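Participant:
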Amino acid sequence: MPPHAIQHRCLVCHTVNTSIHGDGLQGQDQGRHRSISKLFKDGCNVIRQKQMPSDISSCSSSQEQHINKRALLCGVTYRKKKLRLKGPSNDVKNMKELLVKRFHFPNDQDHIRVLTVLKMKLNTEEERNPNSIPTKKNIEESLKWLVKDCKPGDSLVFYFSGHGLRQPDLIEDERDGYDETICPTDFIQEGMIPDNYINSTIVWPLKVGVTLHAIVDACHSGTILDLIYVYDREKKKWSDNSPPSKNPLRKSTSGGMAICLSACGDDQMAADTSAFRGKGINGVMTYLLAKIIRENLHITYGDLLEKMQEEIEQIKIRRCHRLLGRFFRQSIIQGPLLSSSQQFEVFSRKFTL
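For the numbering used here, count along the sequence shown from 1 and bump the result up by 189.
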């Protein structure tokens, strides 16, 4: 081998290439040598790529695949002035931001469906889109969309901010004698959506490995999903909420997990307020939920409930000024409620969507 010569062995094809160090070459010979060396290296790289085991590339792509996440966000206001709410549209924006930035939901309409009316006077094309208005028909169809073709590993979220009401239980499947309901924007004309319908539509279809979270910021929303276990925060244990009738209706999933976080108990009222940011109206429960999760990334369900209740208690006793104190003492009597299709250790399981 001549002086200044260097041998290169390809790790893939094992070909040996002999090259001469630059000190032994002059002028055009150096340029020609660099070109030949580059061709050799490029050729070996092509061979290496062709011979790369397929399981390596498939492993890489599988790591990039994310759990399928899907969410339905409903922020409902109403045409009648006495029913009108200013908070739900802000609540939906807050919740969507939390899902995308904190829980990595894809920010597109295939994964996050939003039903809301930003203003009662519909100005933009999006607001005039009849499919984006939270009517009874649109909410019911979107609930079906949420769980359609769900698969193990899926994470589903149903969020509702608006009015909630109660009506007499006619089929005797409620322990308190009342069905809880959510109110679409057209509920006066078309009727409310009761807990029995919500349960059969988005709880029954949940297969093994599928998890649904419902977050409902509305009055009387405690057992809005009719789940069979309700967590007693004071006793720190689960209580039975199964139907009391002799021939109980089905309330269970198809093996999956349903968890509901409600703004208040079935007999309580939920509040909107402008106190948190100084401008704009927000649902108390939605604002506190998003705030606490952003500040505590690995919080458990139990700690989340405790912190939300602590914040509400602080608001009640805080004396920012006379008017604010009077408003909160009269209005905020709510406490967040957790219910589930299965019992779990609330202070061990981390809250995630």
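The C-beta atom is built at its ideal place from N, Cα and C for all residues, glycine as well.
Predicted model only: the values in this text are computed from it and were never measured.
Just reading off the beta strand (DSSP E) that I448 is part of, what are its end residues?
Facilitator: By one-based count along the sequence shown, residue 448 stands at place 259. First-last of the beta strand (DSSP E) with I448: M446 to S451.
Participant: L395 bridges to which residues according to DSSP?
Facilitator: The residue labelled residue 395 in the question sits at position 206 within the sequence shown. Its beta-bridge partners do not exist; DSSP assigns none.
Participant: Taking all protein chains shown into account, do 16 or more other C-beta atoms lie within 10 angstroms of the C-beta of P154, making it buried, or fewer, making it exposed?
Facilitator: In the structure displayed, the chain extends from 190 to 542; residue 154 sits before or after that span and is not available.
Participant: So is F533 buried or exposed if we call it buried at 16+ other beta carbons inside 10 Å?
Facilitator: Here the question's residue 533 lines up with position 344 in the sequence shown. Counting Cβ neighbours within 10 Å, F533 comes out exposed, since fewer than 16 surround it.
Participant: So, helix, strand or coil for S528, using DSSP?
Facilitator: Taking the sequence shown and counting its residues from 1, one reaches residue 528 at position 339. Strand, per DSSP.
Participant: Going along the chain, which residues of its own chain have a beta-carbon closer than 6 Å to the beta-carbon of G398, five neighbours each way excluded?
Facilitator: Locating residue 398 in the sequence shown gives position 209, counting from the first residue. Correct list, in chain order: P341 and G342.
Participant: When the Cα atoms are used, what is the spatial distance from D421 to N318?
Facilitator: Taking the sequence shown and counting its residues from 1, the one referred to as residue 421 is at position 232. Taking the sequence shown and counting its residues from 1, the one referred to as residue 318 is at position 129. Rounded to whole angstroms, D421 to N318 spans 42 Å at the Cα level.
Participant: In angstroms, rounded to a whole number, what distance separates the CA positions of M497 and V535?
Facilitator: The residue you call residue 497 lines up with position 308 of the sequence shown. The residue you call residue 535 lines up with position 346 of the sequence shown. Cα to Cα, the separation comes out at about 14 Å.
Participant: Take every Cβ of the stretch 407-415, pair it with every Cβ of the stretch 483-493, and state whether three or more of those distances are shorter than 8 Å.
Facilitator: With a cut-off of 8 Å, the stretch 483-493 and the stretch 407-415 do not count as touching, because too few Cβ pairs lie within range.
Participant: Indicate whether H487 and I448 have their beta-carbon atoms separated by less than 8 Å.
Facilitator: Walking along the sequence shown from the start, residue 487 turns up at place 298. Walking along the sequence shown from the start, residue 448 turns up at place 259. No; because the gap between Cβ atoms is not below 8 Å, this pair is not in contact.
Participant: Ignore the nearest five residues each way along the sequence and tell me which others in I417's own chain have a CB closer than 6 Å to its CB.
Facilitator: Position 228 of the sequence shown, counted from the start, is the residue given in the question as residue 417. Within the same chain, I417 has close Cβ partners N430, S431 and K440.
Participant: At which residues does the beta strand (DSSP E) containing A403 begin and terminate?
Facilitator: In the sequence shown, counting from the first residue as 1, residue 403 sits at position 214. That run of the beta strand (DSSP E) goes T400 to D406.
Participant: May I ask you to verify whether the stretch 470-490 touches the stretch 269-285, counting CB pairs closer than 8 Å and requiring at least 3?
Facilitator: Contact holds: three or more Cβ-Cβ distances are below 8 Å.
Participant: Tell me, which residues are paired with W334 by DSSP?
Facilitator: As a first step, residue 334 is located in the sequence shown; it is residue number 145 there, counting from the start. The partner list for W334 (beta bridge, DSSP) is empty, contrary to what the question assumes.
Participant: For R259, count neighbouring C-beta atoms within 10 Å of its own C-beta (all shown protein chains included) and say buried if the count is 16 or more, exposed if not.
Facilitator: Position 70 of the sequence shown, counted from the start, is the residue given in the question as residue 259. Classification for R259: buried.
Participant: Using 8 Å for Cβ pairs, my map puts I301 next to L287. What's the rounded Cβ distance?
Facilitator: For this step, residue 301 is matched to residue 112 along the sequence shown. For this step, residue 287 is matched to residue 98 along the sequence shown. That belief does not hold up - the Cβ atoms of I301 and L287 are roughly 11 Å apart, past 8 Å.
Participant: Whose C-beta lies closer than 6 Å to the C-beta of G264 among residues of the same chain, with five residues either side of it excluded?
Facilitator: By 1-based counting over the sequence shown, the position of residue 264 is 75. For G264, where only same-chain residues beyond five positions count, the Cβ hits under 6 Å are P277, S278, D280, V281, T305 and S350.
Participant: State the Cα-Cα distance for the pair M446 and P383, rounded to the nearest angstrom.
Facilitator: In the sequence shown, the residue the question calls residue 446 occupies position 257. In the sequence shown, the residue the question calls residue 383 occupies position 194. Answer to the nearest angstrom: the Cα atoms are 21 Å apart.
Participant: To the nearest angstrom, how far is the alpha carbon of E502 from that of S529?
Facilitator: Within the sequence shown, numbered from 1, the residue matching residue 502 stands at position 313. Within the sequence shown, numbered from 1, the residue matching residue 529 stands at position 340. Approximately 25 Å between the Cα atoms of the pair.
Participant: Look at the alpha carbon of D415 and the alpha carbon of I482, and state the distance between them as a whole number of angstroms.
Facilitator: On the sequence shown, position 226 is the one that residue 415 refers to. On the sequence shown, position 293 is the one that residue 482 refers to. So the two alpha carbons sit approximately 25 Å from each other.
Participant: Quick one: measure Cβ to Cβ for S451 and V392, integer angstroms, because I've assumed they're closer than 8 Å.
Facilitator: Residue mapping note: residue 451 aligns to position 262 of the sequence shown, counting from 1. Residue mapping note: residue 392 aligns to position 203 of the sequence shown, counting from 1. 14 Å between Cβ atoms; not a contact.
Participant: Which same chain residues, not among the five before or five after C339, have their C-beta less than 7 Å away from its C-beta?
Facilitator: Along the sequence shown, one-based indexing puts residue 339 at 150. If we look at C339 and ignore the five residues flanking it on each side, its Cβ neighbours are L345, P394, L395, K396 and V399.
Participant: Between which two residues does the beta strand (DSSP E) carrying T370 extend?
Facilitator: If you number the sequence shown from 1, residue 370 lands on position 181. Counting along the chain, the beta strand (DSSP E) containing T370 begins and ends at Y367 to I371.
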